[in-house]
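Peer 1: Take this structure, written in structure tokens, and hold onto it; I'll ask about it next.
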Amino acid sequence: MSILRWLRRLSPVAGVILLLAGCAFDGPRSTLNPAGEVARIQLDLLVYTTWMSVGVVVLVVGALAWALIRFRSRPTDKGLPNQFHGSLTIEAIWTAIPVVIVIMIAIPTVRAIFETEAHVEQAEGDVVVNVTGYQWWWKFEYPDYGIVTANELHIPVGSRLILNLDSADVLHSFWAPRLGGKRDLIPNQDNQLWLVADEPGIYPGHCAELCLGPHAYMRFRVIASTPDEFEDWVASFQTLQAPELLSAEAQPERVELFVQDQADPALIEQGSQLFITKGCVGCHAIAGNIGGNPEYPDLTNFGLRTTVGAAVLENNLENLTRWIHDPQSVKPGNYMPNQWADDDPNREDEARAIAAYLLSLGGGTASAGDTADAGAGSLALGGAN
Ligand code: CUA
């Protein structure tokens, strides 16, 4: 046989091996590596039904193989073998077995649905977040804390997080694979999802419903920290500190790039002016400061964020400048316009000034809660991208 024919025969095997090489049981978005109660309930169901399927395959293939060997035609055979068409016993058996299988799958499935899908009443210690999906970012609103933010969901470990899901436009779907989901965000339908995270860490999430355009870039991250760190983060939002420079201890990774400009409050001042004159303020609110429109991402305390553009880029001066300078080159199709003419000689510098201003928002001691996340953050980003 020629080499070419061999290659053609082996190519599907090679394809399968290549596909399997992409699998990881413990990836940052692996449902096989649950980090919370809901994800565990869902995984248990998956494992149970998988073993069930394996049992069915073994029995069916086994029976088939046995029949093929036991009843294969022999030279001594004369005419047709005995026929059993219409055998009541056999018809009853192979009708009953699937019914039993369906019942065995239905019972734990229905139980899991009731455990994870029921609308829950808010109890002491729960954290409620109203989630609104937009093309192509997430609004996270904490009604009990008066916090509105975007794309990064801070939660305390061990507490039940109740998410009230809504959409401002098309269908989206909330999915943080290691914590649970998916649940659709449907306009005017009050879907709800509750989650718990067991351990501090960053859990990447994704919109899991094709919502056109840059759907693939509609990401988010759940940042789970200890209750104390979560309270710190809440406090930093509520106090809305005057724009301060990021402290090196609090944000070691970002500050490395940012530090050159730290010495230059004039750049931040220029950025704060440009934020208004370039029209950013028309869409983006900065609480305690200036206007905006609730239909666009709120940039309050933006310096506390770890990512830019709905968890597409890590948040640092270089990436933020790149994003503001030309959002379409980072996330094609998104609704953020370019604020400069292509040949504007000040474009790069002005984008950098605005970036410096935004990074300066929300700095200070309260961001200590993010310290633990910073290391894990780069890991999660690496895995997510
Ligand atoms: Cu939102 Cu896909």
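All letters in the sequence shown, in the order written, are residues 108 to 492 by my numbering.
In this text, a Cβ means the ideal position worked out from N, Cα and C, and glycines have one as well.
What do you reckon, is the C-beta of Ser467 under 8 Å from a heavy atom of ligand 2?
Peer 2: Questions concerning ligand 2 fall outside what the structure shown contains, since the ligands it does hold are ligand 1.
Peer 1: In terms of residues, what are the limits of the beta strand (DSSP E) holding Arg267?
Peer 2: The count along the sequence shown starts at 1 and reaches residue 267 at position 160. Segment: none, Arg267 is in no beta strand (DSSP E) and carries neither H nor E.
Peer 1: Return helix, strand or coil for Leu114, following the three-state DSSP convention.
Peer 2: Counting from 1 along the sequence shown, the entry for residue 114 is found at position 7. Helix at Leu114.
Peer 1: Taking the runs of the alpha helix (DSSP H) that are 4 residues or longer, which of them lie wholly in the stretch 378-422?
Peer 2: none
Peer 1: Have a look at the DSSP bridge pairing and note the partners of Gly288.
Peer 2: By 1-based counting over the sequence shown, the position of residue 288 is 181. Bridge partners of Gly288: Trp282.
Peer 1: Look at the alpha carbon of Val165 and the alpha carbon of Pro439, and state the distance between them as a whole number of angstroms.
Peer 2: In the sequence shown, residue 165 corresponds to position 58, counting from 1. In the sequence shown, residue 439 corresponds to position 332, counting from 1. Using only the alpha carbons, I get a separation of about 48 Å.
Peer 1: Report the option in Val234, Ala142, Trp173 and Pro404 whose CA atom is closest to the CA atom of Met443.
Peer 2: The residue you call residue 443 lines up with position 336 of the sequence shown. With distances taken between Cα atoms, Met443 lies closest to Pro404.
Peer 1: Taking only runs that begin and end inside the stretch 224-262, name each unbroken beta strand (DSSP E) of 3 or more residues, in chain order.
Peer 2: 234-241, 244-249 and 254-257
Peer 1: Span of the alpha helix (DSSP H) holding His432?
Peer 2: The sequence position of residue 432 within the sequence shown is 325, counting from 1. Per DSSP, the continuous alpha helix (DSSP H) segment holding His432 begins and ends at Leu424 to His432.
Peer 1: So, with DSSP's three-state summary, where would you put His91?
Peer 2: The structure shown has nothing for residue 91, since the chain only spans 108 to 492.
Peer 1: What is the rounded straight-line gap between the Cα of Glu351 and the Cα of Ser343?
Peer 2: Within the sequence shown, the letter at position 244 stands for residue 351. Within the sequence shown, the letter at position 236 stands for residue 343. Residue placement at Glu351 is flagged as unreliable, the pLDDT there being 43, under the threshold of 50; the coordinate-derived value follows with that caveat. Whole-angstrom Cα-Cα distance: 12 Å.
Peer 1: Measure the CB-CB distance between Leu286 and Ala131 and report whether it falls below 9 Å.
Peer 2: On the sequence shown, residue 286 is found 179 positions in, with the first residue counted as 1. On the sequence shown, residue 131 is found 24 positions in, with the first residue counted as 1. The answer is no: Cβ separation not under 9 Å.
Peer 1: Taking one C-beta from the stretch 285-304 and one from the stretch 207-218 each time, how about it: are there three or more such pairs within less than 8 Å?
Peer 2: Contact fails: fewer than three Cβ-Cβ distances are below 8 Å.
Peer 1: Using a Cβ-Cβ cut-off of 6 Å (strictly less than) and excluding sequence neighbours within five positions of Ser266, which residues of its own chain qualify?
Peer 2: Taking the first residue of the sequence shown as 1, we reach residue 266 at position 159. Same-chain partners within the cutoff: Gly232 and Val234.
Peer 1: For a quick check, are the C-beta atoms of Leu270 and Gln299 less than 9 Å apart?
Peer 2: In the sequence shown, counting from the first residue as 1, residue 270 sits at position 163. In the sequence shown, counting from the first residue as 1, residue 299 sits at position 192. Contact: yes.
Peer 1: Provide the residue span of the alpha helix (DSSP H) that contains Pro334, from first to last.
Peer 2: The residue given as residue 334 occupies position 227 in the sequence shown. Element bounds for Pro334: Pro334 to Thr346.
Peer 1: With a threshold of 8 Å, establish whether the CB of Val277 neighbours any heavy atom of ligand 1.
Peer 2: As a first step, residue 277 must be located in the sequence shown, where it is residue number 170. Of the heavy atoms belonging to ligand 1, at least one sits nearer than 8 Å to the Cβ of Val277.
Peer 1: What are the start and end residues of the beta strand (DSSP E) that includes Leu300?
Peer 2: Within the sequence shown, residue 300 is the residue found at index 193, counting from 1. Start and end: Asn298 to Leu302.
Peer 1: With DSSP collapsed to three states, give me the class of Phe327.
Peer 2: The residue labelled residue 327 in the question sits at position 220 within the sequence shown. In this structure, Phe327 counts as strand in the three-state DSSP scheme.
Peer 1: From this set, Ala323, Pro434 and Ala275, which residue's C-alpha is nearest Leu282's C-alpha?
Peer 2: The residue you call residue 282 lines up with position 175 of the sequence shown. A small fix is needed here, since residue 282 is Trp in this sequence, not Leu. Each of Ala323, Pro434 and Ala275 was checked against the Cα of Trp282, and the nearest Cα belongs to Ala323.
Peer 1: Under a Cβ-count criterion, where at least 16 other Cβ atoms within 10 Å of its own Cβ denotes burial, should Ser160 be classed as buried or exposed?
Peer 2: If you number the sequence shown from 1, residue 160 lands on position 53. Result: exposed.
Peer 1: Apart from the five residues just before and just after Asn426, which ones in its own chain have a Cβ nearer than 6 Å to its Cβ?
Peer 2: Position 319 of the sequence shown, counted from the start, is the residue given in the question as residue 426. Contacts found: Val415 and Leu420.
Peer 1: Is there contact here, the stretch 298-313 with the stretch 330-342, by at least three beta-carbon pairs under 8 Å?
Peer 2: yes
Peer 1: Do Gly288 and ligand 1 come close, with the Cβ less than 8 Å from some heavy atom?
Peer 2: Within the sequence shown, residue 288 is the residue found at index 181, counting from 1. For ligand 1, not one heavy atom lies less than 8 Å from the Cβ of Gly288.
Peer 1: Is the stretch 443-459 touching the stretch 377-386, taking contact as three or more C-beta pairs under 8 Å?
Peer 2: yes
Peer 1: Using DSSP with H/G/I as helix, E/B as strand and the rest coil, what is Pro444?
Peer 2: Numbered from its first residue, the sequence shown carries residue 444 at position 337. When DSSP states are grouped into helix, strand and coil, Pro444 belongs to the coil group.
Peer 1: Assuming Ala458 and His432 form a contact by the criterion Cβ under 8 Å, report the distance between their Cβ atoms to the nearest whole angstrom.
Peer 2: Here residue 458 refers to the residue found at position 351 of the sequence shown. Here residue 432 refers to the residue found at position 325 of the sequence shown. Indeed, because the Cβ distance is near 4 Å, the residues count as touching under 8 Å.
Peer 1: Buried or exposed for Thr228, going by 16 or more other Cβ atoms inside 10 Å?
Peer 2: As a working mapping, residue 228 is identified with position 121 in the sequence shown. In the sequence as displayed, the identity of residue 228 is Glu instead of Thr. Exposed: under 16 other Cβ atoms inside 10 Å.
Peer 1: Please name the residue or residues paired with Gly122 in a DSSP beta bridge.
Peer 2: Position 15 of the sequence shown holds residue 122. According to DSSP, which records beta bridges pairwise, Gly122 is partnered with nothing at all.
Peer 1: Tell me whether Pro188 sits in a helix, a strand or coil according to DSSP, three-state version.
Peer 2: As a working mapping, residue 188 is identified with position 81 in the sequence shown. Pro188: coil per DSSP, three-state reduction.
Peer 1: State the DSSP-derived secondary structure class of Asp151, mapped to helix, strand or coil.
Peer 2: Stepping through the sequence shown from its first residue, residue 151 is reached at position 44. Correct three-state label for Asp151: helix.
Peer 1: Which residues bound the alpha helix (DSSP H) around Ile309?
Peer 2: In the sequence shown, residue 309 corresponds to position 202, counting from 1. From DSSP, Ile309 is part of no alpha helix (DSSP H) but of the beta strand (DSSP E) over Gly308 to Cys314.
Peer 1: For Glu376 and Ile254, what's the separation of their Cα atoms in angstroms?
Peer 2: Position 269 of the sequence shown, counted from the start, is the residue given in the question as residue 376. Position 147 of the sequence shown, counted from the start, is the residue given in the question as residue 254. Between Glu376 and Ile254, the C-alpha separation is close to 25 Å.
Peer 1: Using only the alpha-carbon positions, how far apart do Gly398 and Thr407 sit?
Peer 2: Your numbering for residue 398 matches position 291 in the sequence shown. Your numbering for residue 407 matches position 300 in the sequence shown. If I take the Cα positions, the gap works out to 11 Å.
Peer 1: Just how far apart, CA to CA, sit Ala315 and Trp158?
Peer 2: For this step, residue 315 is matched to residue 208 along the sequence shown. For this step, residue 158 is matched to residue 51 along the sequence shown. Whole-angstrom Cα-Cα distance: 26 Å.
Peer 1: Quick check on the burial criterion: 16 or more other C-beta atoms within 10 angstroms. Buried or exposed for Asn441?
Peer 2: Locating residue 441 in the sequence shown gives position 334, counting from the first residue. With 16 or more other Cβ atoms within 10 Å, it is buried.
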